[in-house]
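Peer 1:
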Amino acid sequence: MRPQESVLLGSKRKKNAKLAYQGHVYDRASYQIEYVTYYCEKRRSMNCKGKLKRNAEGNCEILKPHSHPPNIVKTKVEILKRKTYDTASRHPTLGTRDLVSDMLDGSSIPRKQKVTCNFPEPKSLEERDLAALRKLRTTDGEPLLYDASDYKKAIILATPTALEILEECEIIAADGTHKPAVKHYKQLYTIHGLVNDKFVPLVFVLMKKRSSKKADYRHILELLSISGVNLKLVILDFEKAAIGAFRGVFQGVKICGCRFHLCQALYKKMKKYGFKKLYQEDDLIHHSLTRFMYLSFIPRDRVFLYYEALCEHLKSWPVIWIGRGLGACIVEYDLRQAGFPTTNCSLEAWHRAIQISAKNKHPSYSKFFYILIKEHARISTVINSVALPKKSNKDRRILDIVGRIDDYGTLARYVDALIAVDV
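Oh and the sequence shown: position 131 is 131 in the numbering used here, straight run, nothing missing.
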């Protein structure tokens, strides 16, 4: 039987000081003329007697069994970590995200330095190479192009595996960004699915218009043919066109606004109406205006009552601004109680990371598709990882306050308790 491959690990100071084999990690013990002896790294912490020897050809023989089961995942992580350290030391100017992507898809840095995605640069949309688009493949060999039938409006990029995962997701989020979009397109719109407690980008859409209409978003959703059978919640920013499109396609599914975007919109209104300086310098005004940012913590049937009560303290604040239509899109109290995510901030972080990888505004087609192919290597790893959900003490305290809303007597006291925890 062919021996299972062993992997030597080590640091800059101690070369080959460790060895990974069959889900166990070993520490080097002693050199012999024909072989090297290794003991289990748990020898002291767990009193494990595991021992093996490795000859010059790389073949291993277990001399003593282990007293604990193997951990294949941990071993692979250790191997990846050591390789990442080694590559980072040899290529100090390489960005972190690119470095990790290279490690995940197994490609080498010299290959990265050569252009691995030679996509022809069209001078106009009419000159785009549809055949080259169809040839694009991820590192797993899956086609990247999903639909380019209406390329003058949008190009949809999604792998078959990504669409299968999107179909199974109970919670999705969507948002757009502008700088990473290639020439001739104004927006990169992405749809993320909640997988293993993390939002993972699954669909990438290059859109011709910076501010698209409801019909444009709806057309994209209809082309994707997502049934929405498992879908329970969609988190969006407060763009009316996107909200209308998702509501039309996924009827009966909760459509909620992102708390981050709500706070961002409120802060912009503060600046518009001259509250910025007071907000930054006056503690009383700061606290009064901060209360508006906790509208998403209020039960839906009391949102407008609370909003109008706050406005009594600030007569110059326009009560009509929030609007009855958008109010229904605010993150709902019962969803928060259920522990569902309330923001799509991770999408903003992903957009920022892609912008950094692209380096320039509106990168070339080759650069853009190269980044996307590399990103799929990272996505594949996240999807296949084991979920380890952990709530912070802050999250637990907020959930506790939300669950005892009626104990605070007034909504103002309830929100003040949240502010004290959420600082």
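Cβ atoms here follow ideal geometry from the backbone N, Cα and C, with glycine treated the same way.
Under a Cβ-count criterion, where at least 16 other Cβ atoms within 10 Å of its own Cβ denotes burial, should residue 388 be classed as buried or exposed?
Peer 2: Because the pLDDT of residue 388 is 48, which lies under 50, any placement of that residue in the model is unreliable, and the question is left without a value.
Peer 1: Can you tell me which of 154, 149, 156 and 198 puts its alpha carbon nearest to the alpha carbon of residue 170?
Peer 2: The shortest C-alpha separation from residue 170 is found at 198.
Peer 1: What's the gap between the Cα of residue 222 and the Cα of residue 249?
Peer 2: So the alpha carbons of these two residues sit roughly 7 Å apart.
Peer 1: By how many angstroms is the C-alpha of residue 417 removed from the C-alpha of residue 362?
Peer 2: When rounded, the distance between both Cα atoms is 44 Å.
Peer 1: Name the two residues that bound the continuous beta strand (DSSP E) containing residue 61.
Peer 2: It spans 60 to 64 - the beta strand (DSSP E) in which residue 61 sits, taken as one unbroken run.
Peer 1: Out of 37, 64, 57 and 137, which has the shortest C-alpha to C-alpha gap to residue 50?
Peer 2: Minimum Cα distance to residue 50 is reached at 64.
Peer 1: Can you tell me whether residue 420 is helix, strand or coil according to DSSP?
Peer 2: Here residue 420 sits in helix by DSSP.
Peer 1: Out of curiosity, what's the CA-to-CA distance linking residue 422 and residue 307?
Peer 2: About 20 Å.
Peer 1: For residue 202 and residue 157, I'd like the C-alpha separation in whole angstroms.
Peer 2: The straight-line gap from Cα to Cα measures roughly 9 Å.
Peer 1: For the 8 Å Cβ check, are there 3 or more pairs between the segment 364 to 383 and the segment 139 to 147?
Peer 2: Flag = yes, the segment 364 to 383 and the segment 139 to 147 touch.
Peer 1: Counting only the same chain and skipping the five closest in sequence on each side, list residues whose C-beta sits under 8 Å from that of residue 285.
Peer 2: Excluding residues within five positions, the ones whose Cβ falls inside 8 Å are 275, 278 and 279.
Peer 1: For residue 219, name the three-state secondary structure that DSSP assigns.
Peer 2: Three-state DSSP puts residue 219 in a helix.
Peer 1: Determine the burial state of residue 130: buried for a count of at least 16 other Cβ atoms within 10 Å of its Cβ, exposed for fewer.
Peer 2: The residue in question, residue 130, is exposed, as its Cβ has fewer than 16 Cβ neighbours within 10 Å.
Peer 1: Can you pull the DSSP bridge partners for residue 190?
Peer 2: For residue 190, which the question treats as bridged, DSSP gives the partners 175 and 204.
Peer 1: Can you list, in chain order, the residues of its chain whose CB lies under 6 Å from that of residue 28, leaving out five sequence neighbours each side?
Peer 2: Taken in chain order, the residues that qualify are 17 and 38.
Peer 1: Starting from the C-beta of residue 177, find all residues in its chain whose C-beta is less than 6 Å away, skip the five residues before and the five after it, and write them out in chain order.
Peer 2: Excluding residues within five positions, the ones whose Cβ falls inside 6 Å are 188 and 351.
Peer 1: Which residue spans inside the segment 211 to 279 form an unbroken beta strand (DSSP E) run of at least 3?
Peer 2: Runs of the beta strand (DSSP E) inside the segment 211 to 279: 233 to 236 and 254 to 257.
Peer 1: Quick one: give me the first and last residue of the beta strand (DSSP E) that residue 19 is part of.
Peer 2: Counting along the chain, the beta strand (DSSP E) containing residue 19 begins and ends at 18 to 21.
Peer 1: Note the first and the last residue of the continuous alpha helix (DSSP H) segment covering residue 370.
Peer 2: It spans 365 to 384 - the alpha helix (DSSP H) in which residue 370 sits, taken as one unbroken run.
Peer 1: For residue 321 and residue 296, what's the separation of their Cα atoms in angstroms?
Peer 2: Residue confidence is low: residue 321 scores 46 on pLDDT, short of 50, so the model does not pin down where it sits. Its coordinate-derived value is still stated next. Whole-angstrom Cα-Cα distance: 16 Å.
Peer 1: Going by the beta-carbon positions, is the gap between residue 36 and residue 78 smaller than 7 Å?
Peer 2: Going by C-beta atoms, residue 36 is not nearer than 7 Å to residue 78.
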